[in-house]
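In mature numbering (1 follows the signal peptide of the UniProt record, and there is no 0), the protein residues as written are -21 to -1, 1 to 253. Read through the structure below, which is laid out as structure tokens, and then see the notes.
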């Protein structure tokens, strides 16, 4: 739940685009503009020194949605509106080890998060060197408990419905988890909205529960960009359910303002990426 995770970082907003379509739908939503043009009311959000496709305010894939409004963008450190993987240099890691998937340098181990594909019995990485081992090799770091440093660095960046290593509950609410950075047998990024039910494109993974950000009923999540009508007045008819941590601006639904500069709308909450 993001309300619990986002207290570790300072957060609050950056895109004037809103999200209104469930992953895989193509009925629009978000701000529209000429293909290749800056979307009106949208503020660019950088990932470190670079501005990538999911933070440049341009509808890169021509589906009528740009950046946070595109259901296949999972943050500003994402260079493709066509796949769920990051497609940035170092983003999906050259080796088998993982650190925070959603920052600018996945795999470098500089954020206190540690995992390894070789520890996952489902084998989300098809490369021979990364296939699961029992027991895992000595150089595979797969702690049951992630450090407080990891929580502080990655907790707020992790979308609802995912763990901090890119293993997400998709389709949302089901019993299947897929690695959004999946590659095919040729080593090419393969997981997109159309491939969610194809285990050769969106490969099954085992979520690391210690850093899993659960998708609550009244939260936006990877794969869910609409809320049940009951959430408007709370699940039991009471006050609306809080979607974000106290002091954190909500975003992503019709009528909600866009995030301010250096903030990005991550599954309904404005997250700082400055």
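Note that CB positions come from ideal geometry on N, CA and C, so glycine has one too.
For residue 162, the beta-bridge partners assigned by DSSP are 168. For residue 44, the secondary structure class from DSSP, reduced to helix, strand or coil, is coil. Across the structure, residue 124 and residue 89 are spaced so that their CA atoms are roughly 17 Å apart.
Taking 8 Å as the cut-off, the beta carbon of residue 42 is found closer than this to the beta carbon of residue 49. Between the segment 233 to 251 and the segment 196 to 214 there are three or more inter-stretch CB-CB distances shorter than 8 Å, so the stretches are counted as touching. DSSP assignment within the segment 121 to 162 yields the following whole alpha helix (DSSP H) runs of 4 residues or more, N-terminal first: 127 to 133. Assignment of residue 232 by DSSP, reduced to helix, strand and coil, places it in the coil class.
Residue 64 is not a Cβ neighbour of residue 133, given a cutoff of 8 Å. In this structure, residue 157 lies near residue 175, with their beta-carbon atoms less than 8 Å apart.
Counting only the Cα atoms, residue 55 lies some 18 Å from residue 204. Contact between residue 122 and residue 96 is ruled out by a C-beta separation of about 15 Å, above the 8 Å threshold. Residues of the same chain with a CB within less than 8 Å of the CB of residue 154, apart from the 5 flanking positions on each side, do not exist. Just measuring C-alpha positions, the residue of 228, 146, 209 and 233 sitting nearest residue 202 is 146.
DSSP places residue 80 outside any beta strand (DSSP E), giving it a letter other than H or E. Secondary structure at residue 97: helix, using DSSP grouped into helix, strand and coil.
One alpha carbon belongs to residue 128, the other to residue 91, and they sit about 5 Å apart. Residue 152 and residue 194 have their C-alpha atoms roughly 8 Å apart. Across the structure, residue 77 and residue 144 are spaced so that their CA atoms are roughly 7 Å apart. Burial check for residue 112: the Cβ neighbour count within 10 Å stays below 16, so the residue is exposed. Its chain contains 102 as the residues whose beta carbon lies nearer than 6 Å to that of residue 110, once the 5 sequence neighbours on both sides are disregarded; these appear in chain order. Inter-residue distance for residue 233 and residue 99 is about 39 Å (C-alpha atoms, whole angstroms).
According to DSSP, residue 183 shares a beta bridge with 157. Residue 47 holds the alpha-carbon nearest to the alpha-carbon of residue 231 among 47, 35 and 25. Sequence-distant partners of residue 253 (beyond 5 residues in either direction) whose C-beta falls short of 7 Å from its own C-beta, in its chain, are 241. With a threshold of 16 other beta carbon atoms within 10 Å, residue 44 meets it and is buried.
Nearest in C-alpha terms to residue 28, of all of 51, 84, 21 and 74, is 84. In the three-state scheme derived from DSSP, where H, G and I count as helix and E and B as strand, residue 56 is classed as coil. Going by C-alpha positions, residue 66 is about 8 Å away from residue 168. Following the DSSP letters along the chain, one finds residue 190 in no beta strand (DSSP E), marked with neither H nor E.
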